[in-house]
Each structure stands twice: as structure tokens, then as C-alpha cells.
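Data first, discussion second: the structure below is written as C-alpha cells.
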Amino acid sequence: MRLWTISGLVAGLALALAACGGGDPAVDEPATDVPVSGPTGTVEPVAMREAGPTLRSIRSRGRLNCGVHPGLVGFSYADNQGRWRGFDIDFCRATAAAVLGNANAVRFVPLTNAERMGALTEGRVDVLWRNTSRTLTRDGAGIDFPGTNYFDGQGFLVRRNLNLASATELNGARVCVQSGSTSELNVADWFRAHGLDYTLVVVTSETAARAAYAREDCDAMTADVSALAAARTTLSDPRAHVILPEVISREALGPVVREGDDQWADIVGWTLNALILAEALNVTQDNVDEVAEDSRNPEVRRLLGLEGHIGRPLGLSDTWARHAIEAGGNYGEIFDRNLGASSALDLSRGLNALWTAEPRGLMYAAPIR
1175 MRLWTISGLV
1185 AGLALALAAC
1195 GGGDPAVDEP
1205 ATDVPVSGPT
1215 GTVEPVAMRE
1225 AGPTLRSIRS
1235 RGRLNCGVHP
1245 GLVGFSYADN
1255 QGRWRGFDID
1265 FCRATAAAVL
1275 GNANAVRFVP
1285 LTNAERMGAL
1295 TEGRVDVLWR
1305 NTSRTLTRDG
1315 AGIDFPGTNY
1325 FDGQGFLVRR
1335 NLNLASATEL
1345 NGARVCVQSG
1355 STSELNVADW
1365 FRAHGLDYTL
1375 VVVTSETAAR
1385 AAYAREDCDA
1395 MTADVSALAA
1405 ARTTLSDPRA
1415 HVILPEVISR
1425 EALGPVVREG
1435 DDQWADIVGW
1445 TLNALILAEA
1455 LNVTQDNVDE
1465 VAEDSRNPEV
1475 RRLLGLEGHI
1485 GRPLGLSDTW
1495 ARHAIEAGGN
1505 YGEIFDRNLG
1515 ASSALDLSRG
1525 LNALWTAEPR
1535 GLMYAAPIR
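Sequential numbering of the sequence shown, starting at 1175, is according to this note's numbering.
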């Protein structure tokens, strides 16, 4: 009986509400199921980030000062006309384009291993795009690494006529290495761990290491595998030399900035990220104008500054990423032109492939939104 009583009360209340008109949403309330296009809800305004010290300095002088390797085939070198070219050079130009809208508004400052960190911390350059490995001691010494543009590892270059199949056969060998590099520390760790004897031939630069190896002052040269591939192209008969299969270290190479200017670190890191994302979205140097005009993909439209005010959190124009792509293409284009199949080095993408590629790599773009 109690359940029937409650039901009757509910029915009565419903009838009373209907009689007063309060129960007819078509009369008293706006419809809520009308389809709408575009985002719903309140969109918070995006504030323009104030320019920090590095960005102010770059804008004031009208150019980016970029620290680069003095001469490493594929990565950073001056051609016969004196024009700087290479993988890291293209990232310098992309950074200048993102910040100043002009890929040529950059001064390239060649720096040795010994010079590079001092030049950065003293303010002589704004950023190092210079195949520099991220390590804990470096990261804790007044500099920051905003991202990785090349995953590498250290190896050994030897003469083919030595008939070596493995680096473990280098017992008693003379090994050329550049001073002031992580390679010098890594090779000592590796020989110690394997209980092998060796004689280290330490030279002041990568050029000197190549020359010493060419003169047969050492039996093997050790450096990052990409640097060894570059060194091999400069020898009189590149086919007479082979890179042994062992990779004895992990080297995450990327741009370096001064610690303490978070905005500038964000700009450099997101410029790299934008170029990786552009490859993932199939936006290239050649098709960027067409894609900007035709694409309805929200992620593409944000990347190219067509919606979302993506420049304001960085203190840049909304077209900063588009300018970076126009400077030299997306990450894949930059890799292929300088290091990959279209280059003298002919390196495979390997770990530097997109994470969606087959086989999968480590390059993954965070969302721009």
C-alpha cells in the first residue's frame, strides 16, 4: 500500500506541473539538442607572453646568433660559396624564421668543443645547434636541453683490411678521440668494462682526429656513429673503411640554451617539435601554402596559425611554426636532405624515424593546442 501511495503522489505532482505549464520544455525552456558547429562553451582568451631577455635581444639586433660545428659533413659545414649547410644549420634557420619571420636572419658562429659552452653561457650565441650530447653534468651546469633532434650512439671506425668483426677485437689498439667530448669518457668506460688494453690518442678537434686516423697514427677512430659516417666520406677511399657494429653509448643530441630563460627554451623546443609534427601531418615546405588554404584538420590549422592563437604562449606571432616549416621543410625533409638517402652519408632514419613509422623510431611530437 505504501508503494501505491508514493506513486500516486508522484503522478499528482506531474499533473500539477503540467497544468501550470512548467513541464513543457518546448514552451518554457530553449531547446538544448540543436546541433552546433565548432567548439562549444566559453573559450578562454590567450594572453600574449611578454618577451624575455633572449627574445628581446634577438629582436633588438635583428638576427639570431647560432653556435654551430666548424665543419662536420651532413651536420654543419660551409660550402664552396661560403654558405652554411647541414642538418643543424637547417634547424638554426628554422629557429630564426620562427622568431623573426626570416630564415636568413641568422649569424652562424663556428665553435670547437672547448669553446661552445663558454660562448653560450657568456651570451656570445643565443643557442647551440651543434650535435651536443645531453648529460646530467652538463644539464646541471647552467645550461638546458630543450629537445632532441638526433638520437645517436658512439662507435668505432677502422680500416677494412684489419678484418675486424667486432670492437672486442681492439685489444691493444690505438684509438683516436677528440678531447673535451663525451666520446673520450665513454671509450674509457667501455674498454675498462671489457677488460681490454688500449692507447688513447687525444686530439683537439674532429678535423684533427680525422687527419690522425688518415695518417694511421691510430688503428681506430671513435665518435658518434653519425660523425664517423661523415668522417668516412672525407677519406681518400671511403670503401676501405668500416664502422664496427657495436654502439657503446646512448647520445641524445640536440639544441642547448642558457639556463634561466624558460621562454627561450620553450621557443627552441617547440620549434623542433613543430617540425616533427609537420612530418607526422604531411605538411611540407612545398605544400604548406596549399594545406593552409584547403585543410579542415584542426591540428593542421593550429600548427599553421590559422586558429587557436598558438604563438601567444611563446610571445611569437601565430604563424611562427608555418615560417619554420617554410624555411627548410619538416623534420623528415631536413633529415633526408642532409643525412639520409638524398645525402652523401645515406644514413637510415633508425631511431630518428617517427614513432608511427615501420620500423618505429623515437621521434614523437607533442600536441600543439
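Backbone N, C-alpha and C define an ideal beta-carbon position, used for all residues, glycine too.
Please classify residue i: is it buried, with 16 or more other beta-carbons within 10 angstroms of its beta-carbon, or exposed?
i, result
"A1119", "The chain is shown from 1175 up to 1543; residue 1119 falls before or after that span and cannot be answered."
"W1529", "exposed"
"R1543", "exposed"
"G1250", "In the sequence as presented, Gly is not what sits at residue 1250; that position holds Ser. Buried is the call here."
"T1306", "buried"
"D1313", "exposed"
"V1208", "The predicted position of V1208 is uncertain, since its pLDDT is 35 and thus under 50; no value can be drawn from it."
"T1396", "buried"
"G1212", "Unreliable positioning characterises G1212 in this predicted model, as indicated by a pLDDT of 45, which lies under 50. A coordinate reading is not provided."
"Y1538", "exposed"
"N1512", "buried"
Alpha carbon to alpha carbon, what distance is there between residue j and residue i?
i, j, result
"G1329", "E1532", "25 Å"
"G1443", "L1521", "24 Å"
"R1523", "A1382", "28 Å"
"A1452", "C1392", "44 Å"
"A1498", "S1357", "32 Å"
"R1334", "I1417", "9 Å"
"L1344", "L1274", "50 Å"
"N1526", "G1514", "11 Å"
"A1401", "V1247", "8 Å"
"A1394", "G1428", "26 Å"
"A1277", "D1371", "49 Å"
"V1349", "V1220", "55 Å"
"I1450", "Y1505", "5 Å"
"F1282", "D1436", "23 Å"
"E1425", "V1376", "20 Å"
"G1354", "R1233", "33 Å"
"R1496", "L1488", "14 Å"
"Q1352", "S1423", "16 Å"
"G1245", "L1409", "15 Å"
If you run the structure through DSSP and keep just helix, strand and coil, what is residue i?
i, result
"C1350", "strand"
"W1444", "helix"
"R1304", "strand"
"R1470", "coil"
"H1415", "strand"
"V1377", "strand"
"M1222", "coil"
"R1333", "strand"
"L1246", "strand"
"Q1437", "helix"
"H1483", "coil"
"S1355", "coil"
"S1517", "coil"
"V1361", "helix"
"D1391", "coil"
"R1543", "coil"
Residue i bridges to which residues according to DSSP?
i, result
"Q1328", "D1398"
"W1258", "A1252"
"Y1372", "A1347"
"N1239", "R1281"
"I1153", "One cannot answer for residue 1153 here, as it falls past the ends of the chain, which runs 1175 to 1543."
"D1318", "V1431"
"A1426", "F1325"
"R1406", "BP columns for R1406 are empty, so no partner."
"M1537", "L1528"
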